[in-house]
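Please read the structure below before turning to the comments.
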Amino acid sequence: MPRLATSERYSISLPDGHRFPIAKYELIREQLLWQGIAPAADFYDPGLASEEDILRVHSADYWHRVRDLQLTAAEVRRLGLPQSPELVRRSLSSVAGTVQSAREALRTGIGMSLAGGTHHAFRDRGEGFCVLNDIAVAAAHLLHHGLARQVLVVDLDVHQGDGTASIFRDEPRVFTFSMHAGANYPLRKEQSDLDVALDLGTDDATYLRLLHDTLPGLLARVQPDFVFFQAGVDVLATDKLGKLALTLSGCRQRDEYVLNLCHQHRLPVAVSMGGGYSERLSDIVDAHCNTFRVAYEVFG
-18 MPRLATSERY SISLPDGHRF PIAKYELIRE QLLWQGIAPA ADFYDPGLAS EEDILRVHSA
42 DYWHRVRDLQ LTAAEVRRLG LPQSPELVRR SLSSVAGTVQ SAREALRTGI GMSLAGGTHH
102 AFRDRGEGFC VLNDIAVAAA HLLHHGLARQ VLVVDLDVHQ GDGTASIFRD EPRVFTFSMH
162 AGANYPLRKE QSDLDVALDL GTDDATYLRL LHDTLPGLLA RVQPDFVFFQ AGVDVLATDK
222 LGKLALTLSG CRQRDEYVLN LCHQHRLPVA VSMGGGYSER LSDIVDAHCN TFRVAYEVFG
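For the sequence shown, the numbering used here gives the first residue as -18, with consecutive numbering after it.
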């Protein structure tokens, strides 16, 4: 059965009207419990990531300035979140959630975090609401400890996983795959090991066909022994920042396909939530909850 990393630290106070939907983290946990998708016993607090883990991926200069609240005004604007002790703890807890989810996946086949997917964080800077790159830190953790030989990152957020691509550009043991809206943030794309840039307005049928045409061959080519799945729900047609046209059903079918493929190939998979910016918070929460619901159906 899946276990779900979560923490009260995931929710922090943001200025009124801030466009990052911070309330979703608490609401997703409440909905998973209320709908009976996940029992309370399956939730656990992952603690805080170690500095040792952080420094395998991020530069000491950047991390120390994050930790000591010394980011410049320009860096804070690029990040899109006000720096605070709470943001530092949130970032460390979110990274720990993905590290522990990866270790959980090695034990049970799947590990899931009710946060993470912060793929716009680079080695030396944060961008796009992403302070630390949780998937990169967790992948480096597995490789350092000899827990994985070849890692595949399946990033299906609507925005390219530019930070992850940059961090692992020269690391052959991590293959980065990003399927995203082409004419969307970030304006300047990095080069993943495989990028699939989608036309704006891509619908369910086109999206799912491309995913079906790509992922099986990628597994055969890369031969991973571990998968990180960034399951952003900003692919929805209702998303303010997404520019694709997937329905809630199409997004769920995406998750079913990825998780079933991992299960069929006996590939441990760690799932991070990624982005979601629909006008109605309920649309974001429903889509994220579907990811967890599918995981219980496939791996339960």
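All C-beta atoms, glycine included, are put in the ideal place defined by N, C-alpha and C.
As assigned by DSSP and simplified to three states, the class of Ser263: Here residue 263 refers to the residue found at position 282 of the sequence shown. Note: Ser263 maps to helix in three-state DSSP.
Residue from Pro205, Tyr238, Asn165, Asp220 with nearest C-alpha to Leu191: Residue mapping note: residue 191 aligns to position 210 of the sequence shown, counting from 1. Nearest option by C-alpha distance: Tyr238.
At least 3 beta-carbon pairs within less than 8 Å: the region 217 to 225 vs the region 162 to 174: yes
Whole-Å CB distance - Ala201 paired with Val155, under 8 Å assumed: For this step, residue 201 is matched to residue 220 along the sequence shown. For this step, residue 155 is matched to residue 174 along the sequence shown. Between Val155 and Ala201 the Cβ distance is about 18 Å, and since that is not below 8 Å, they are no contact.
Proximity to Arg10 [Cα-Cα], best of His269, Tyr277, Asp115, Val275: Residue mapping note: residue 10 aligns to position 29 of the sequence shown, counting from 1. Nearest of His269, Tyr277, Asp115, Val275 to Arg10, Cα basis: His269.
As assigned by DSSP and simplified to three states, the class of Ile91: Sequence index remark: in the sequence shown, residue 91 carries index 110 (1-based). Ile91 falls in the strand class under three-state DSSP.
Whether Ser74 touches Ser(-12) by CB criterion (7 Å): Walking along the sequence shown from the start, residue 74 turns up at place 93. Walking along the sequence shown from the start, residue -12 turns up at place 7. In this structure, Ser(-12) lies closer than 7 Å to Ser74 by Cβ.
First through last residue of the alpha helix (DSSP H) which encompasses Asp34: For this step, residue 34 is matched to residue 53 along the sequence shown. It spans 32 to 36 - the alpha helix (DSSP H) in which Asp34 sits, taken as one unbroken run.
Nonlocal neighbours in the same chain, by C-beta distance under 7 Å from Leu175, ignoring five residues either side: The sequence position of residue 175 within the sequence shown is 194, counting from 1. Answer for Leu175: Phe158, Leu199, listed in chain order.
Selection from Ile116, Ser259, Leu50, Asp(-3) that minimises the alpha carbon distance to Leu82: Here residue 82 is taken as the residue at index 101 of the sequence shown, counted from 1. Position check: residue 82 holds Ser in this sequence, whereas Leu was assumed. Ranking Ile116, Ser259, Leu50, Asp(-3) by Cα distance to Ser82 puts Ile116 first.
Ranges of the beta strand (DSSP E) found wholly within the region 183 to 233, counting only runs of at least 3: 207 to 211
Inter-stretch contact at 8 Å, needing at least 3 Cβ pairs: the region 242 to 256 / the region 202 to 222: yes
The region 41 to 52 touching the region 10 to 25, judged by at least three CB pairs closer than 8 Å: no
Cutoff 8 Å; reference Pro167; Cβ partners in own chain excluding five residues on either side: Here residue 167 refers to the residue found at position 186 of the sequence shown. The residues are His101, Glu108, Gly109, His140, Gln141, Asp143.
Straight-line Cα distance separating Cys111 from Asp34: In the sequence shown, residue 34 corresponds to position 53, counting from 1. In the sequence shown, residue 111 corresponds to position 130, counting from 1. Looking at the two C-alpha atoms, the distance is approximately 17 Å.
Option in Leu87, Thr99, Arg88 with minimal Cα separation from Ser72: Translated into the one-based positions of the sequence shown, residue 72 becomes position 91. Comparing Cα-Cα distances from Ser72 to each of Leu87, Thr99, Arg88, the minimum goes to Thr99.
In DSSP terms, what Val135 is bridged to: Translated into the one-based positions of the sequence shown, residue 135 becomes position 154. The partner list for Val135 (beta bridge, DSSP) reads Phe158, Phe210.
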